[in-house]
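>
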């Protein structure tokens, strides 16, 4: 009889509630006699971790004009970054049954008369919580808040329309199956991205560069190669410095106009201009170096010194380009990134970045590329261009596929046995081998363009078609950022997110971006970094790690 009276009082209290703000991470069931919460983290709780911070926080709120929600969750995706290590404190009026200061797996919580609950059951919500399935019925018509028994499988679920007053939490039954599915999905995208980068994006980038380079050779003071090279270098550096200075303005402007034709035109024009600036910079440096000695030991010494300096600067990855490093057109590619923060003043910070990347680092990259490229011209069948091209093609792509396939198990080992020295050594070694591979790939494709991509009698028109056609195709494929060439993908490595040794994640990046937009359009906040990693891979993916 006493229990019946308590139950009636509790039900009357529940019917007076106005809204409940629920963002539960682990819930199981509640019966009509009391509010019963089962923790879904049984293995964790058994180890002695308090239930506070692992499951829903139920706070005691006094009856006042400014009522707060009584039930609140602590999900890591929505917690403030600076407060991730803080645990939420439960109400003193809520009694948890414990065993040696550890909350029992099945805990009964009694709601006092002074507790206040707000309910807003105007729409349904579906969230994923591994590894159980639970159905939450918060219908006001029944004047109760209850959790039905755990469901046996996902087949029992059907989406509740938004006009109903039920809230459903859908949880995968077997987490191992989900992990296996995610692993195979990752491998599928990884192999597809590998082929896309190797045989579509890289040839188009090479064709664009060859078209622009040869057009400059023919039309920019062709009778005076030294002055022509110097003008190219100065023009490229001036454009790059201007872009460095206005990068923040460009990003803000794009954010305001990204949904109209002005924003879209701006991005396309920007990628074309910055690619042309890099091509001019490289052409100027390369052609000026051609006036120096072309003896093999000079080339070898220059290449080795450049590589050593890049290793000391921790910039060995700048030697890489497509297919090992591609750029996917995103919403923030106007920001070029900073390797060192030296000033809070944007002008001086951007000036430092320009000097470091384009005045110090870029010449070292060009010297290393030219040295290995010319050494290949001297010693890989110099009298037979066809055989020389085929050998470079075979060497380059063989190394690419070998390194790309070895990347996953190597990173798994690095994560399992994480030692900074081994980490740095293997990473630098892989980037050096990739440098050899990418130079051979570019050399073979460049020779292929010169030999086979040419309209007889219309060489000048052919160059324009190569330059414009490749740009249009890459723009339509949302990979125009790859046109920046070697050293132009700095933002792919300079970020706070873990990275792969080689980043050619084309399809997976596009799907992540589309999934992020879809979730945002549905009103789901993914957080600041969710579009970059979380959609396809978990935040702490097994295949990503911090660079040395």
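Residue numbers (my numbering): 205 to 752.
Cβ coordinates follow ideal geometry from the N, Cα and C atoms, glycine included.
1. Does residue 313 come out as helix, strand or coil in the three-state DSSP assignment?
2. Tell whether a beta-carbon distance below 9 Å holds between residue 674 and residue 476.
3. Determine the extent of the alpha helix (DSSP H) in which residue 569 is found, giving its start and end residues.
4. Thinking C-alpha only, which one of 604, 630, 603 is nearest residue 616?
5. To which residues of the same chain is residue 400 closer than 6 Å at the C-beta, ignoring the five residues directly before and after it?
6. Can you have a look at residue 414 and say buried or exposed, based on whether 16 or more other CB atoms are within 10 angstroms of its CB?
7. If you count every other CB in all the chains shown that lies within 10 Å of the CB of residue 570, and 16 or more means buried, which is it?
8. Answer yes if the region 471-491 comes into contact with the region 565-579, meaning at least three C-beta pairs across the two stretches below 8 Å, and no otherwise.
9. At what residue ranges does the region 418-499 contain a whole run of the beta strand (DSSP E), taking only runs of 3 or more?
10. Confirm, please, whether the CB-CB distance from residue 520 to residue 509 is below 9 Å.
11. Just to confirm, is the Cβ distance from residue 526 to residue 405 under 9 Å?
12. Would you decide whether residue 613 is buried or exposed? Buried here means 16 or more other CB atoms lie within 10 Å of its CB.
13. I'd like to know whether the C-beta atoms of residue 602 and residue 648 end up nearer to each other than 9 Å.
14. Should the region 533-552 be regarded as contacting the region 643-657, the criterion being three or more beta carbon pairs within less than 8 Å?
15. Please identify the residue among 472, 606, 449 whose C-alpha is closest to the C-alpha of residue 549.
16. So which of 591, 715, 712, 671 has the shortest CA-CA distance to residue 408?
17. Less than 8 Å between the CB of residue 672 and some heavy atom of the ligand ZN, yes or no?
18. Tell me the rounded alpha-carbon separation between residue 394 and residue 388.
19. Give the DSSP-derived three-state secondary structure of residue 529 in the structure shown.
20. DSSP three-state call for residue 707: helix, strand or coil?
21. May I have the straight-line CA-CA distance separating residue 385 from residue 712, to the nearest angstrom?
22. Since residue 467 and residue 458 should fall inside the 8 Å C-beta cutoff, what is the C-beta to C-beta distance between them, to a whole number of angstroms?
23. What does a CB cutoff of less than 6 Å around residue 518 pick up in its chain, not counting 5 residues either side in sequence?
24. Straight-line CA distance for residue 659 to residue 443?
According to the structure shown:
1. Here residue 313 refers to the residue found at position 109 of the chain shown. Confidence is the limiting factor: at residue 313 the pLDDT is only 46, short of 50, which leaves the residue's position unreliable, though a coordinate-based value still follows. DSSP places residue 313 in strand when its eight states are reduced to three.
2. Looking up residue 674 in the chain shown gives position 470. Looking up residue 476 in the chain shown gives position 272. Cβ atoms of residue 674 and residue 476: not closer than 9 Å.
3. Reading the chain shown from its first residue, position 365 is the one you call residue 569. Start and end: 566-583.
4. Position 412 of the chain shown, counting from 1, holds the residue named residue 616. Nearest C-alpha to residue 616: 630.
5. For the purposes of this step, residue 400 is taken as residue 196 along the chain shown, with counting starting at 1. Closer than 6 Å at the Cβ level, and outside the excluded window around residue 400, lie 710.
6. Taking the first residue of the chain shown as 1, we reach residue 414 at position 210. So residue 414 counts as buried.
7. Along the chain shown, one-based indexing puts residue 570 at 366. Per the 10 Å Cβ criterion, buried.
8. yes
9. none
10. Mapped onto the chain shown, residue 509 falls at position 305. Mapped onto the chain shown, residue 520 falls at position 316. No, the pair does not count as a contact, with Cβ atoms beyond the cut-off.
11. Start at 1 with the first residue of the chain shown, and residue 526 comes out as number 322. Start at 1 with the first residue of the chain shown, and residue 405 comes out as number 201. Cβ atoms of residue 526 and residue 405: closer than 9 Å.
12. For the purposes of this step, residue 613 is taken as residue 409 along the chain shown, with counting starting at 1. With fewer than 16 other Cβ atoms within 10 Å, it is exposed.
13. Residue 602 sits at position 398 when you count from the first residue of the chain shown. Residue 648 sits at position 444 when you count from the first residue of the chain shown. Against a cut-off of 9 Å, the Cβ pair of residue 648 and residue 602 comes out as no contact.
14. no
15. Residue mapping note: residue 549 aligns to position 345 of the chain shown, counting from 1. Ranking the options by Cα distance to residue 549, first place goes to 449.
16. Sequence index remark: in the chain shown, residue 408 carries index 204 (1-based). Cα-wise, what sits closest to residue 408 is 671.
17. This structure does not include the ligand ZN; it has no bound ligands of any sort.
18. By 1-based counting over the chain shown, the position of residue 394 is 190. By 1-based counting over the chain shown, the position of residue 388 is 184. So the two alpha carbons sit approximately 10 Å from each other.
19. Position 325 of the chain shown, counting from 1, holds the residue named residue 529. In the structure shown, residue 529 sits in a strand (DSSP, three-state: E or B).
20. Taking the first residue of the chain shown as position 1, residue 707 is located at position 503. Reduced to three states, the DSSP call for residue 707 is strand.
21. Residue numbering aside, residue 385 sits at position 181 when the chain shown is read from its first letter. Residue numbering aside, residue 712 sits at position 508 when the chain shown is read from its first letter. Whole-angstrom Cα-Cα distance: 15 Å.
22. By 1-based counting over the chain shown, the position of residue 467 is 263. By 1-based counting over the chain shown, the position of residue 458 is 254. Confirmed, about 5 Å.
23. In the chain shown, the residue the question calls residue 518 occupies position 314. Excluding residues within five positions, none has a Cβ falling inside 6 Å.
24. Counting from one through the chain shown, the residue named residue 659 turns up at place 455. Counting from one through the chain shown, the residue named residue 443 turns up at place 239. Taking the straight line joining both Cα atoms gives about 32 Å.
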